[in-house]
Structure formats: C-alpha cells, structure tokens
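Accompanying notes for the structure given below.
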Amino acid sequence: MDGVDENEPGFQGDVVLKGHTPELGDFQVKVTEGTGDHPQTGHPSYEEKPLDRTLVHSGQVPDDALWQIKAVLFAHMKGQIDQLIPKYGEENPPPPAQVYTIQHLPSRGNIHLVQKVFEGPFEFDVIFSSGSAPTKITSEDLTTQIGSVTSAFATRFASIFKPQTPFIKERYEEFSKSLFSNLIGGIGYFYGDSRVDRSYDPAYEEDNEGFWEDTAEARGRNQAELEGPSELFTAIPSRPFFPRGFLWDEGFHLLPVIDWDADLTLDIIKSWFTLMDEDGWIGREQILGAEARSKVPEEFQVQYPHYANPPTLFMVIASFLDKLDAQKSDSSSEKLQHEKSYFVQVANREAALQYLRKLYPLLKRQYFWFRKTQAGDIKSYDREAFSTKEGYRWRGRTPQHILTSGLDDYPRAQPPHPGELHLDLISWMGMMTRAIKRIAIYLGEDDDANEFAKYDEAIVRNIDDLHWSDKTKTYCDATIDDYEEHSLVCHKGYISLFPFLTGLVDKDSKKLGAILDLIEDEEELWSPYGLRSLSKSDEFYHTAEDYWRGPVWLPINYLAVVQLLVSHFQNHHMALRIVY
Numbered sequence: 019m020d021g022v023d024e025n026e027p028g029f030q031g032d033v034v035l036k037g038h039t040p041e042l043g044d045f046q047v048k049v050t051e052g053t054g055d056h057p058q059t060g061h062p063s064y065e066e067k068p069l070d071r072t073l074v075h076s077g078q079v080p081d082d083a084l085w086q087i088k089a090v091l092f093a094h095m096k097g098q099i100d101q102l103i104p105k106y107g108e109e110n111p112p113p114p115a116q117v118y119t120i121q122h123l124p125s126r127g128n129i130h131l132v133q134k135v136f137e138g139p140f141e142f143d144v145i146f147s148s149g150s151a152p153t154k155i156t157s158e159d160l161t162t163q164i165g166s167v168t169s170a171f172a173t174r175f176a177s178i179f180k181p182q183t184p185f186i187k188e189r190y191e192e193f194s195k196s197l198f199s200n201l202i203g204g205i206g207y208f209y210g211d212s213r214v215d216r217s218y219d220p221a222y223e224e225d226n227e228g229f230w231e232d233t234a235e236a237r238g239r240n241q242a243e244l245e246g247p248s249e250l251f252t253a254i255p256s257r258p259f260f261p262r263g264f265l266w267d268e269g270f271h272l273l274p275v276i277d278w279d280a281d282l283t284l285d286i287i288k289s290w291f292t293l294m295d296e297d298g299w300i301g302r303e304q305i306l307g308a309e310a311r312s313k314v315p316e317e318f319q320v321q322y323p324h325y326a327n328p329p330t331l332f333m334v335i336a337s338f339l340d341k342l343d344a345q346k347s348d349s350s351s352e353k354l355q356h357e358k359s360y361f362v363q364v365a366n367r368e369a370a371l372q373y374l375r376k377l378y379p380l381l382k383r384q385y386f387w388f389r390k391t392q393a394g395d396i397k398s399y400d401r402e403a404f405s406t407k408e409g410y411r412w413r414g415r416t417p418q419h420i421l422t423s424g425l426d427d428y429p430r431a432q433p434p435h436p437g438e439l440h441l442d443l444i445s446w447m448g449m450m451t452r453a454i455k456r457i458a459i460y461l462g463e464d465d466d467a468n469e470f471a472k473y474d475e476a477i478v479r480n481i482d483d484l485h486w487s488d489k490t491k492t493y494c495d496a497t498i499d500d501y502e503e504h505s506l507v508c509h510k511g512y513i514s515l516f517p518f519l520t521g522l523v524d525k526d527s528k529k530l531g532a533i534l535d536l537i538e539d540e541e542e543l544w545s546p547y548g549l550r551s552l553s554k555s556d557e558f559y560h561t562a563e564d565y566w567r568g569p570v571w572l573p574i575n576y577l578a579v580v581q582l583l584v585s586h587f588q589n590h591h592m593a594l595r596i597v598y
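For the sequence shown, counting from 1, position 297 maps to 315 in my numbering; every step adds exactly one.
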C-alpha cells in the first residue's frame, strides 16, 4: 500500500492498493485525494483522528464471508464508537462526523475499508489499473472517458429508440435514458448453490381438493437440498432489493436490451437455458449462493421442479428472428455496419443459425416440460372443447396467490380446485407455440413445425371453447363448480386480455370488439396512466395486498400497445410483423 507514513493518523494525498490474483495478474486500485471540504469539528478527538485525510483499515476474513463486509464494517465502527464515547463522556461527546469513523490501521489483507469524510460537495476517483497496461489510468483520462461515453450513450440512445413528441422534452429524455441505463447497469453475473426440493412424488400433480394444504412441509417432507453451484448472467429487477434472477421478468428486461445489444441479449438467454435440468425445468427464481439467500425470506428460498413461470424469453427470441428478417432490407444491413459490434449474430446469418441450432433442443425440452407439468384436466369433467388436451393450470397455487403466474394476488377461483384452467397460462402456451414453430421453420425442422402448427390451432380454438363468457363478453379463468360442472370465474382485468396480449386474437375475431371496449372503458381498465390490472368495478379492486388488483404495470401495458398497433395496421390491410 502506497501512501504517506503509515504511523500517521491517516493518509494525505492519493492512496494506492496493490494486489495480484491468478485471474487479473498484478493490478492496483488508486483512491485519489479528491476535492471538497473536510469537517473541522473543534472537538479534542480531532487531534487523535483528523478528518482531513483518508482512513484505511485492513483485515483478513474467510473467503466465503467476504460478501458480509457490510456487517464487518458496522461491527468495527461500533467498536470504535464504544471506545470513543466513554473517553470524552456523555456531556462532551464527539460530533457524528467524528464518531462514525473507522480505525486507521493499514496492512496486508483481503479487505480494505477506505473512508473519507466531507461536508458539502465533493469528488474523488477510484481507479483500477491492470499491471499489464502500458500506462496507468489517470483522473484526467477518466474525466475524458466519462464525457465521451456520456455523449456517445445519448447519441446512440436517440438513434436506436428514436423518441417522438412529446417524449423529446428534456425531462422525458433524461428520465428515459436514466431508466434504460439502470436496466443495463443491473446486468450482472451470479454464482452459487441454490435450494431445491425434489422430494415430491412425480405423479403428484395437485390433483386432490385441498391440494394447497398438502404441501411438502405439511407432510414432513421438506427435503430441500443445495444444488449446484450454478452461474447466471442476467438483468435483475432491483440491485438493492432483488439481486437475483427472475425468469419471467427477464423476458421484459431483454425486450429493450436486444435493440441496444443483440449479442449481449443472446448471451443472457443462453445463460438462462443452461440452467435447465434434464426434464426441462428452470427455477423461476435464481437465488444463487448465501449472499443472495440473505435477501430472501426463508419461506421463499426453495424452488420446486413442478413450478413454472411465464415463458417470456420466447418473446425475446421472436424479436431476434424479427431482426434477422429485417436484414433482408438494404437499409437495415447498412445500419448494422455501424452497429456490428453489438449485432454480430444478426449481421452474420450463419452465426445466427448456429446459435439457434444449439438453443433449439433446450427450447423444445422446456416447451414439452410445460405441456406435461402444467397440463389442465379437460377429460375428467366432460368439458366440451375442440381439443381434449389444450388446457393448462399453474401449479403452486394457494387461496390467495399464484406466485408462479407472476400475477401474484390477482383474483382467481375460490376455493382453488384441481379442475381449474388458467386463461393466462394457455395464452402463454399459445405465444410459446408460435415462437417455437417459427424457430423450427427457420431451422428447416418441418416435422416439428407441422406438429407445433396443430398445437397452435388447438390452443386458439380451446381458448374460445373453454374461456369465453357470452354473459360477460370477456375471457375468464375456468373452474369446476359445486355440481362438478365447468364454470367460468370472471374478474375483468389483465387476465381477460391475455389472449389479445399474446397475439392470439385474430383481426377478424368476433371477440375483438368486446376486448377493445373493455380496454377503453374508464369504469373498467382505462386510466390516465395506463391500463389498470383489475377493473375499477371489480369487488376486489384495491383490496388486500393490492399488488395486481388495480395498479398499472408497464410490461402488460407494453404488450397491449403492441397488439393495438398490430390490430390497427391489420385492419387497414397493412403488413406488420408482431414484435414483442
């Protein structure tokens, strides 16, 4: 460690830490002196620990505890407070700026706490330089690069996303750039083991009434074991609160990212599908390692191999195919020459096909896992439908929640019943079917494409046969009533729109008018801020947790806008490819 005399009560000037790892080789981290005013407390304790310099405390902790550095810091700081307060008495305690400081004790170690104390505006740099670099990075270099990157980001953002009036006003532009940069900045690498309970009976399909009470815990079979370690490259919903991968969130994360950097997006998709087990299951929450688990209540940590999540990554793959199709136009090809470092697998068709060939077996495996594990029961209840197979039910349901659906507390049939059929899930299956059919056609897998086409037709027919209510003029969940007969449970909201949201309602459908009426009705879903998740007229509107019972959700509104555009152009006899 470079600095002034280590016997002094702090470093003046820059502080340089030097290190070596097998992966990085030699390196150094420089914490510059920076600019800004330091507190002059006037308290006697200032002589012992002046605040116009940098304090460094070094230590050694076990490698598997490095993620707990925050607790280490707080424990150390409390020890300093316990020493300082008694020394000067309660009548003359040091001011907060003096109290909340670390002990200056620099040495060798695998943790180095570095503290500066300022009042008012300040600025300093933390600069990493590789030992193999010909020259070390300076603050001047950093200032230049920050300006260059900021300017380039703004230019590229405007070029790619092309904001239109009124969203070119400064406040909107800055907000959208901040939103997107935080999305990109939330992409990270995670590694560690995860808790999985595979003790359930494979034949157990929640097929008895009261199934939500017959959990593994209730039967004394909570046999969650640590599996892995696994690795995941992913965007996350929130760095401080949800630093882990969420399967259905990821599809929505990547829809804007693929326009920015297709190759990055394809790497993330591949990382997710690499997590798949032999049956085709991917855990809906990837809570990898002890650090990630520390952010999750214990009752939500265990993943179950019969629990699904909406397959939104298939939407992103469809968007990738759209970009490949667009390559046929000269203007698109010319644009990609300027963006080729981000779109190698779009610009190079053979590279794209190679990627799809490697991914396709995994996509098929997951598709058929969905068909098997989330199948609904049509035959046992003598339901009338085009197909006896195309009905689906989320597993993992409780009376108040279907967390696996992503629409956690949206009102569903009460009480839960093993004969339920969930409208959102069959709609996701329809979207998934069309996406994988399209991939099969791309790869020349004609037999597969024909098979998926049959599933597609059956799903669309069954959505009308099993889920449309003539009485309410809307699509609904289905259940089995007290007379053991098929019954519809209609809570107008996002669920009602799902066949439309997933592109399964044809422009000539007789149901389209009623769907559009529901969307535009201010007493139902329409609001000045977007479509409500639950109708304003529903008895459960803004009740209980009020998570999906009224609040406006951006991803669902995005799907609605896309399909409204599609319907508009189709009804004006114009061709428009669906871009999710």
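We treat Cβ as the ideally placed atom computed from N, Cα and C, and that holds for glycine.
Ranking 424, 393, 310, 403 by CA distance to the CA of residue 410 puts 393 first. Residue pairing for residue 495: DSSP places it in a beta bridge opposite 507. DSSP places residue 247 inside the beta strand (DSSP E), whose first and last residues are 243-252. Annotated three-state conformation of residue 410 is strand, per DSSP. Contact check between the segment 416-432 and the segment 465-474: fewer than three CB pairs, one atom from each, fall below 8 Å, which does not count as touching. The residue among 519, 551, 563, 94 with its C-alpha nearest the C-alpha of residue 132 is 94. If only uninterrupted beta strand (DSSP E) runs of at least 3 residues are considered, those enclosed by the segment 138-218 are 144-148, 206-214.
Comparing C-alpha distances from residue 244 to each of 182, 320, 193 shows the shortest one belongs to 320. Residue 491 and residue 565 have their C-alpha atoms spaced approximately 25 Å apart.
Straight through space, the alpha carbons of residue 314 and residue 258 are spaced by roughly 12 Å. Under the three-state reduction of DSSP, residue 88 is assigned to helix. For residue 140, the number of other beta carbons within 10 angstroms of its own is below 16, and it is reported as exposed. Per DSSP, reduced to three states, the secondary structure at residue 416 is coil, with no helix or strand assignment.
Rounded to the nearest angstrom, the Cβ distance from residue 195 to residue 172 is 7 Å, consistent with a contact under 8 Å.
Look at residue 303 here: in three-state DSSP terms it is strand.
Of all alpha-carbon atoms in 416, 27, 422, the one lying nearest the alpha-carbon of residue 433 is that of 416. If you look at residue 391, you'll find it in the alpha helix (DSSP H) that goes 367-391.
When the alpha-carbon of residue 463 is set against those of 303, 305, 105, 375, the nearest one is in 375. When secondary structure is reduced to three states using DSSP, residue 432 falls in the coil class, being assigned neither helix nor strand. Contact check for residue 146 and residue 52: beta-carbon distance about 16 Å, past the 8 Å limit, so the pair fails to qualify. Of the residues assessed, residue 104 falls on the exposed side of the cut-off, its CB having fewer than 16 other CB atoms within 10 angstroms.
Burial is judged here by how many other beta carbons sit within 10 angstroms of a residue's own beta carbon; residue 367 has fewer than 16 and is exposed. Within the model, the alpha-carbon separation for residue 333 versus residue 539 is close to 28 Å. Secondary structure of residue 486 (DSSP, three-state): strand.
In this structure, the beta-carbon distance from residue 306 to residue 249 falls below 9 Å.
Nearest neighbour of residue 449 by Cα position, chosen from 484, 518, 398, 401, turns out to be 518. Annotated three-state conformation of residue 55 is strand, per DSSP.
Here the segment 565-584 lies against the segment 519-528, with 3 or more beta-carbon pairs under 8 Å apart. In the displayed model, residue 456 falls within a helix according to three-state DSSP. A distance below 8 Å between beta-carbons, with the five flanking residues on each side excluded, links residue 547 to the following residues of its chain, in chain order: 570. Residue state for residue 561 is assigned as coil, using DSSP reduced to three classes. Taking a cut-off of 8 Å on C-beta distances, the segment 390-406 does not touch the segment 452-462, as fewer than three cross pairs fall below it.
In terms of CA proximity to residue 48, 37 leads the group 37, 447, 582, 551. Comparing alpha-carbon positions, the option among 503, 496, 500 lying closest to residue 514 turns out to be 496.
Minimum Cα-Cα distance from residue 551 among the listed residues 545, 412, 567 corresponds to 567.
When DSSP reads this structure, residue 479 sits in no beta bridge, so it has no partner.
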